[in-house]
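Here the protein sequences line up with chains P and Y, keeping their order. If you're matching positions, the first sequence starts at 4 in my numbering and goes up one per residue. If you're matching positions, the second sequence starts at 26 in my numbering and goes up one per residue. Input: a single structure, listed below in structure tokens.
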Amino acid sequence: MALAALLTACSDTAGDGTGAAASAPDAKDWDAVLATADGQTVNWYMYGGDDNLNTFVNGELSDRLEKLGVTLNQVKITDTVDAVNKVLAEEQAGRDDDGSVDMIWVNGENFATGKQADLWTCGYPENLPNAQYVDFTDPAVTSDFGVPIEGCESVWQQADSALVYDSEALADNDVESVDSLIAWAGANPGRFTYAAPPDFTGSMAVRTFLYDTADNPERLLGAFDEAVYGPISAELWQRLNDLEPSLWRGGDTYPASQDDVERLYADDEIDAYLTYGPGAVAVKAADGVFPASTREAVLDVGNIANNSFVAIPYNAEHTAAAMVVANELLDPELQLALFRANGAYPAVDLESLPSVQRAAFDAVDLGPSVLPLADLTANTRPELRADYVALIEADWKANVQQR
Amino acid sequence: MTAAGPGAPAAGRRALRVPRWALILAQLSPALLVVGGLFAGGVGLGLAQSLGYLPFLGGWSWNLDAYRAVWADPAVRASFALTFRIAFLSTAAATVLGVSAALLVHRVGRFRSALTSVLSAPLPVPHIVGALCMLLLLSQSGLLSRVTRAAGLTETQAEFPALTADAFGWGIIAEYVWKESPFVAVVTLAALTGGVDDLVGAARTLGARPWQCFRHVVLPLISPSVAATSILVFAFTFGSYEVPFLLGRPFPAALPVVALQYYRDVDLAARPQAMALAVVISVLVAVLVAVYMALLGRLVRRAP
């Protein structure tokens, strides 16, 4: 009886996902947005494992917002899906206009999940004043892991994959290609590994091997095609299984998360790993967490790039202030400061900036550990579609991890 | 009530016609509402979702698909042996160590209170902190590994035996034993105070040997508390998440870790599987506790 009552109570609120979005402020009337935002506090749910980024968010970014009357409250989470689950739980509980999550650092699969459940506020990113610096014709800004963005999230930084390695253990020719890396791992067993997918970065490591296994990775872009995926993936699992004996712990197990992988590198248990945040390595090498001989390389298969976005839940209580934060994140000055402080690559289109500002970006030197932006992005490959990624993660579990 | 004057009980009886049980229920109702409401609500919603109730995907159909999918998943199957092993070994070791420690501490006269405080020191430490300490201590780049390397016993980190993220679960068991032994010990010590010494003394004067004293006097007196405590320890180690997450492997992982892996699946359609696994864990723990209590109840009755 009680259960039935509970179910009925819940079903009342189901199904009208974006209904409350009608009360959302209109970014076209920016003065009104600023006026509404004044005095509001934004609860920004974001991955909290990057100390350096946390300092920046609570320092420089927070100070800038303070001037606009917006208080930033960073809510650190270990996995973005936790924030999406929170919004979902609140939706089920009927909190349609006073949700506790105002903004989420999101991309890829979690964005797709939110779209699946109709959780996002849409239509504002192109109307933000700083949208003038964003290239909305760039496919990496119009789609997120193949999912059309349709104005439901706003870009704020760019992620580029790279190989991080200790130059005292690996020579230049070891980091030329995936094959040379595999050969080096075979000669030095136990000194390389990647996080077990569905870890975000571990999943990218598997896709790097996938791109290398496919003679022509472009064939994998677009909608799922079993005729293309089947043979390539069979070869990939064979290759990854052959690699296992050369991995950390003999491939008997994999680190559970990217945090674990970076801890293994810091503790000198491994000599190389793949990352999505090559800029952040500079700080760790400077602080002595990583060896000073840490260097980066892009394997000849190319690196994988995607953008990081912020999304505003449909039921956010402080939508206007969240829009102000999304806009502030795209300010060229802030993008430059973020690049300097944290090595976060700019989401704004450098071509659109005045030459002085462009020069300032070019002049940023992140130290010898970090690849210059031009080298990093010389041979960039796009992400696969989110449904592809989910399938690859499931297949990796069945064919590599559980084999 | 008992401290009131002689006339008070009569006056109280006149004024309050409400039966005693109703009064107790009324006083407990705020706590019961919160605990019962949240617990029953959570379990009920979990059960409903495990059976296919998915309002966030717009609709539901009652079925057992999630249970079938969970049963067919190799990650879940591999998890059972591991989870039982961890819970069983942790509980057995913590019980034996905790009871032994309590008996030892009970026998030393002078330093008893000091030793009791040492014993209870791990109690307020959260499991997650304990797990991180175990990681710093037992991992291949941890303190022990550094000591053996300095002593020349191992040459590289990889030579040090894998005690964290290992196939057996040593690191997880070590954390549970470290944390739960003192818990068992403190409860046992409390059970040992109430006149046990007098009874042992009487048994001794009647000619009982030390072993007979332990077997027929001490053990029956402490076993109900020890049994209750070890049930708690078993249920906790079976259903706990953070320790196996930090010290274990992503595969095979303990059941609660697998359940959360499902819950964190980016595909919302996997949510029923997460809930199904959570329901399975709850039912398993409930059944195990019932069996355990029945067995121990018989044991306790037979012992004296």
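By construction, the Cβ of each residue, glycine as well, lies at the ideal position given by its N, Cα and C atoms.
| Asked | Found |
| --- | --- |
| According to DSSP, residues forming a beta bridge with residue 195 of chain P | P:275 |
| Any chain Y beta carbon closer than 9 Å to residue 217 of chain P | no |
| Cβ neighbour criterion (16 or more within 10 Å) applied to residue 200 of chain P | buried |
| Cβ of residue 310 of chain Y within 9 Å of any chain P Cβ | no |
| Reduced DSSP secondary structure (H/G/I, E/B, other) of residue 200 of chain P | coil |
| Beta carbon proximity, residue 400 of chain P to chain Y, threshold 9 Å | yes |
| Backbone CA spacing between residue 34 of chain Y and residue 45 of chain Y [nearest angstrom] | Summary for residue 34 of chain Y: the model assigns pLDDT 47, below 50, so the residue's position carries little reliability, and this model does not support an answer. |
| Neighbour-count burial assignment, residue 157 of chain P, 16 or more Cβ in a 10 Å radius | buried |
| Endpoints, beta strand (DSSP E) assigned at residue 219 of chain P | No beta strand (DSSP E) holds residue 219 of chain P; DSSP gives it neither H nor E. |
| Residue 90 of chain Y at chain P interface by Cβ criterion, 9 Å | no |
| Where residue 88 of chain Y falls: helix, strand or coil (DSSP) | coil |
| Segments of 3+ residues assigned as beta strand (DSSP E) that fall wholly inside the stretch 102 to 135 of chain P | 106 to 109 |
| Positions along the stretch 178 to 198 of chain P whose CB lies within less than 7 Å of some CB in chain Y | 193 |
| Reduced DSSP category for residue 299 of chain P - H, G, I as helix; E, B as strand; rest coil | strand |
| Straight-line gap, residue 25 of chain P to residue 325 of chain P (C-alpha atoms, nearest Å) | Confidence at residue 25 of chain P is low in this model, with a pLDDT of 43, below 50, so its placement is unreliable and no value can be given for it. |
| Reduced DSSP secondary structure (H/G/I, E/B, other) of residue 43 of chain P | coil |
| Any C-beta of chain Y under 9 Å from that of residue 124 of chain P | no |
| Same chain only: Cβ atoms within 6 Å of residue 272 of chain P, ignoring 5 sequence neighbours per side | none |
| Cα-Cα separation, residue 249 of chain P to residue 82 of chain Y | 43 Å |
| Boundaries (first-last residue) of the alpha helix (DSSP H) holding residue 237 of chain P | 229 to 246 |
| Three-state secondary structure assigned by DSSP to residue 261 of chain P | helix |
| Contacts that residue 261 of chain P makes with chain Y (C-beta to C-beta distance below 7 Å) | Simply none; closest approach about 12 Å. |
| Outcome for residue 79 of chain P when other beta-carbon atoms lying within 10 angstroms are tallied against a minimum of 16 | exposed |
| Interface flag, residue 252 of chain P vs chain Y, CB-CB below 9 Å | yes |
| Residues that residue 307 of chain P bridges to, as DSSP identifies them | P:384 |
| 9 Å Cβ cutoff, residue 265 of chain Y in contact with chain P | no |
| Endpoints, alpha helix (DSSP H) assigned at residue 285 of chain Y | 280 to 288 |
| Proximity winner among P:33, P:210, P:59, P:381, relative to residue 399 of chain P (alpha-carbon distances) | P:210 |
| When P:29, P:320, P:177 are compared against residue 104 of chain P, the one with the closest alpha-carbon | P:320 |
| Rounded separation between residue 145 of chain P and residue 310 of chain P - CA only | 10 Å |
| For residue 165 of chain P: DSSP bridge partner residues | P:278 |
| Neighbour flag for residue 257 of chain P against chain Y, beta carbons, 9 Å | yes |
| Helix, strand or coil at residue 393 of chain P [DSSP, three-state] | helix |
| is_contact[residue 174 of chain Y, chain B] using C-beta, thresh 9 Å | The structure shown has no chain B; the protein chains it does contain are P and Y. |
| DSSP-derived helix/strand/coil call for residue 166 of chain Y | coil |
| Residues of the stretch 81 to 92 of chain P whose Cβ lies closer than 8 Å to any Cβ of chain Y, in chain order | 82, 84, 85, 88, 91 |
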